[in-house]
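Residue numbers (my numbering): 5 to 474.
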Ligand SMILES: *Cc1c(COP(=O)(O)O)cnc(C)c1O
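Spelled out as structure tokens, the structure:
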């Protein structure tokens, strides 16, 4: 005996005034489809239940579920997430946040036609790269620049243009894999370049490159070890040495820099990474980088270097397939202008977060602990909240082993509850991604935005109350 025979037909459920009104706002076909799915899921659930639900109750459940599902579908699956991980350039959370200028320019470009490929002085066809090329040249000191879809595309395009059918020499210590989808050996293969590995994992000398040069060599490639570092008994030649060797053999030197740093972060204690302008100054012929890592802009692959190579890349058919649209160009231009204007450390959120000083973070953490403590006290939930030191990270391909000293708020809820609570917080809108440690949820202040703390406090109160209610 079960409730199956009480399950109302779709037509009857669809007659509910709320669903009628929903069908007027959106497509009726969508509402009917979601209603069908709701009924299917209810059917599965009640099959094995011994209690009997009335036709009225079942209709109610179906209506509620349909309403919720349709609203969710219309809201979309991509939504804001509060980043409490302390990882500033979190690839799975979309890497860099844009600065206000970039957002404004992006918005304007989205809403209207723009002079993307028209020279407004002559009225003739222009180049979409014009809008960022001069800025990139000024900021890096390079002769020419080009922008494509992402850095993986930039590496692929550069190699395909200068080394297709030939060989590229790379140190064994630099055969990087980034995020599982970018692997140097595979990207080289896809570009038509044969990989010639030299040296060993920990030690590669300039003489190793020299010994590997043949008639077939087309490029000396240096890849930034963005997400690991080989420490201890190690050696890699300097970029200058590589450039000298390249000059001797008339071979271009290409640097896959990854992070795309334009602002020297040494004054903020982050040392040891080359900026794009360092690479250009050292004589690299081609430098590639991501737009959405330490540059602090939108996803893009930035290529700067000697004119002859960049011009050849612009003529490559692949460029058409990898090209960026007006939205990316507007956001990138808006980001680069911040460097030109001279205050990227104030106006680009990614950089602002990176260089925040621990004492400010501690003060913010104390304020947040207070807010959360009050919110939870009001809802009678016994749990303790405290400020804790945390080790934040840069993420996204730079300073892989550096820990950024920061502060977080730990909400101790106990081992038995912590994973459920973390999961429930993830599934809210906005979602919350926090660290879990020893029965506590920890939200790092470095990556939280103004207003995130209030949202977190309210969400915690709701979810803890719900968890206790069960
Ligand atoms: C991040 C990175 C890439 C991949 O860049 P995307 O912009 O994610 O395509 C390639 N090479 C290096 C060295 C990187 O750090």
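For each residue, glycine too, the CB sits at the ideal point set by N, CA and C.
- Secondary structure remark: continuous beta strand (DSSP E) runs of at least 3 residues inside the stretch 125-175, in chain order: 148-152 and 171-175.
- Residue environment for residue 96: exposed (fewer than 16 other C-beta atoms within 10 angstroms of its C-beta).
- In this model, residue 433 and residue 118 are separated by some 34 Å (Cα to Cα).
- For residue 109, the enclosing alpha helix (DSSP H) starts and ends at 104-115.
- With 5 Å as the limit, the residues whose C-beta approaches a heavy atom of ligand 1 more closely than that are 154, 155, 156, 182, 186, 228, 230, 260, 262, 294 and 401, in chain order.
- Nearest to residue 164 by alpha-carbon distance, out of 366, 114, 316 and 376, is 316.
- Counting the other Cβ atoms within 10 Å of the Cβ of residue 21 gives fewer than 16, which makes it exposed.
- Between residue 411 and residue 362, the beta carbon gap of about 7 Å places them in contact (Cβ cut-off 8 Å).
- The Cβ atoms of residue 288 and residue 259 sit closer than 9 Å to each other.
- Residue environment analysis places residue 82 among the exposed positions, since fewer than 16 neighbouring C-beta atoms fall within 10 angstroms of its C-beta.
- Counting along the chain, no beta strand (DSSP E) covers residue 208, and no H or E run does either.
- Residue 455 and residue 375 have their C-alpha atoms spaced approximately 12 Å apart.
- By alpha-carbon distance to residue 324, the top candidate from 46, 153 and 244 is 153.
- A direct Cα-to-Cα measurement between residue 179 and residue 53 gives close to 57 Å.
- In the DSSP assignment, residue 444 falls within the beta strand (DSSP E) that extends over 444-448.
- Put simply, the backbone Cα of residue 267 is about 10 Å away from that of residue 278.
- Here the C-alpha atom of residue 311 lies approximately 15 Å from the C-alpha atom of residue 161.
- At least 9 Å separates the beta-carbon of residue 140 from that of residue 172.
- Under the DSSP assignment, residue 291 falls in the beta strand (DSSP E) whose first and last residues are 290-294.
- When rounded, the separation of the alpha-carbon atoms in residue 431 and residue 420 is 19 Å.
- Among the bridge pairs identified by DSSP, residue 187 is matched with 181.
- Ranked by Cα distance from residue 206, the first of 190, 228, 177 and 448 is 177.
- The beta carbons of residue 336 and residue 301 sit closer together than 9 Å.
- Within the DSSP bridge table, the entry for residue 258 names 225 and 290 as partners.
- When the Cα atoms are used, residue 14 and residue 192 turn out to be separated by approximately 56 Å.
- Three or more beta-carbon pairs drawn from the stretch 442-454 and the stretch 377-396 are found closer than 8 Å, and the two stretches are therefore classed as touching.
- Around the beta carbon of residue 414, 16 or more other beta carbons sit within 10 angstroms, so the residue counts as buried.
- For residue 87, the three-state secondary structure derived from DSSP is strand.
- C-alpha of residue 367 to C-alpha of residue 360: approximately 12 Å in a straight line.
- 151 is the residue among 114, 151 and 147 whose C-alpha sits nearest the C-alpha of residue 132.
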